[in-house]
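So the structure is just underneath, and the comments pick up after that.
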Amino acid sequence: MTEVGVIRVLIVDDSPLARTVLTRMINAAPDMEVVGSAVNGEEALALIPSLQPKVVCTDLHMPKMDGLQLTREIMVRHPLPILVVSVSVHQDDNTQNIFELLEAGAVDVFPKPRGGLESAGEGLTQDLAAKIRILSGVVPIRRHRSRLSEVPEAVWQPPLKRSLVMEPTVPSLVAIGASTGGPQALLTIFSALPSQFPLPILCVQHISQGFLEEMVSWLNLHTPLLVQIAQEGKRPMAGGIYFPPENKHLTLDDRGCFLMDGGVQTDTHRPAVDATFFSVARVYQGKAIGVLLTGMGRDGADGLLAISRAQGMTIAQDEESCVVFGMPKQAIDLGGVSKILPVTSIARELCRLAGISLPLL
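With my numbering applied, the sequence shown closes on residue 367, and no number is skipped along the way.
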């Protein structure tokens, strides 16, 4: 019988070895327990009502019902936090499927090591436990079947009008930081921005190693702007969304050109949101917009305060629309936030601050 307070986990994977190794890894944590396992989505759906897991860990490719269909069904029938644990995040042909799971309601992805889970060391075991702990605090939103196939696409939009009411200082750059739940939030924002959006966007997303290029490609499918990995010495340009290379902090030199810093990890993250925000505050001062989205911890909170103190505009995602209301809450508590908005309102606010207005839908 599971102790009170222990995180109940259901494993869904068609590989007996994967189920065994995942069970060992998860049960090694004193605050969690694998309460059951299933070989496919159909079995998992049948087990959920009786096992009442707190978190579901699922593979992508399985017979009868795969991880994507399982995610869709769980979000309709039994909304639960879902962690995708799949080697497929390393396989180019399957990357789009991974992000389809995030669109369908999965919260995060944990990549199996290339050598298989049996090669997992202590560090990977701790990383998996940390992700499950974060997900156990997530309250998922029930999805409706009629909306499951809706994916934001880059669509033509009528020419934008210059706003008659503009901020006293017209900004020159946007900096965004996110962690858990960030890819979904970024999709919501970027898909709503028009091709004429006049400011470059720097974006730091905490993401598993080997996952960045695929996320960039996925986001490019759903926005008229160009999502790309920043290059050393290049200047951010309007119409571009720039992510730092893996394991590098994204900063700016005195000329406003990209400077990649592989130095000290900040708040256990590299790239760190704070590193980018502090640099943006120093270079752009009052002409910067800082946006802090969903995520665990406090990375970005101090940096957002620095942007605010430099007279820049600062936005935090509200608690209701956050997957994890950690980073934004820390920034709010510090007093570094100008506006608190639901994620669905952030794109329109960015356009307003940039002096343009989106057409009414």
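No residue lacks a Cβ here, since even glycine has one placed at the ideal position from N, Cα and C.
Secondary structure note for L232: its beta strand (DSSP E) is the uninterrupted segment 232-235. With contacts defined by Cβ atoms closer than 8 Å, L232 and G246 form a contacting pair. At a Cβ-Cβ threshold of 8 Å, V18 and V41 do not count as neighbours.
Taking a cut-off of 8 Å for Cβ pairs, the segment 315-333 and the segment 136-147 touch, as three or more such pairs fall below it. Cβ neighbours of R354 within its own chain (closer than 6 Å, five residues either side excluded): L364. Across the structure, A24 and S43 are spaced so that their CA atoms are roughly 11 Å apart. Rounded to the nearest whole angstrom, the CA to CA distance from A50 to D72 is 11 Å. By the C-beta density criterion, T350 is exposed, having fewer than 16 other C-beta atoms within 10 angstroms. A direct Cα-Cα distance of roughly 32 Å separates N226 from G129. Unbroken alpha helix (DSSP H) runs of no fewer than 4 residues, entirely contained in the segment 199-251, are found at 218-226, following chain order. With a cutoff of 8 Å on beta-carbon distance, G47 and L76 are scored as near each other. Contact annotation, G301 with H212: C-beta distance approximately 7 Å; criterion of less than 8 Å satisfied.
For the set V91, E325, Q323, A236, the Cα lying nearest the Cα of T282 is the one of A236. Proximity to V113 across Q202, A307, G187, D267 peaks at G187, based on C-alpha coordinates. Secondary structure at E106: helix, using DSSP grouped into helix, strand and coil. Among the bridge pairs identified by DSSP, V18 is matched with A44, T64.
Under the 10 Å beta carbon count, A34 is surrounded by fewer than 16 other beta carbons and is classified as exposed.
For the pair D305 and W224, the Cα-to-Cα distance works out to about 25 Å. The count of Cβ pairs closer than 8 Å, one atom from the segment 76-93 and one from the segment 187-206, stays below three, leaving the stretches out of contact.
In this model, I104 and C263 are separated by some 33 Å (Cα to Cα). With a threshold of 16 other beta carbon atoms within 10 Å, A52 falls short and is exposed. S185 places its beta carbon 8 Å or farther from that of F116. A direct Cα-Cα distance of roughly 44 Å separates P230 from L57.
S285 sits in a helix when the DSSP states are folded into three classes. For D267, the three-state secondary structure derived from DSSP is strand.
Non-local C-beta neighbours of D133 in its own chain, meaning closer than 8 Å and more than five positions away in sequence, comprise F116, ordered along the chain.
Between the alpha carbons of V12 and I32 lies a distance of about 12 Å.
P277 has its alpha-carbon roughly 6 Å from the corresponding atom of N253.
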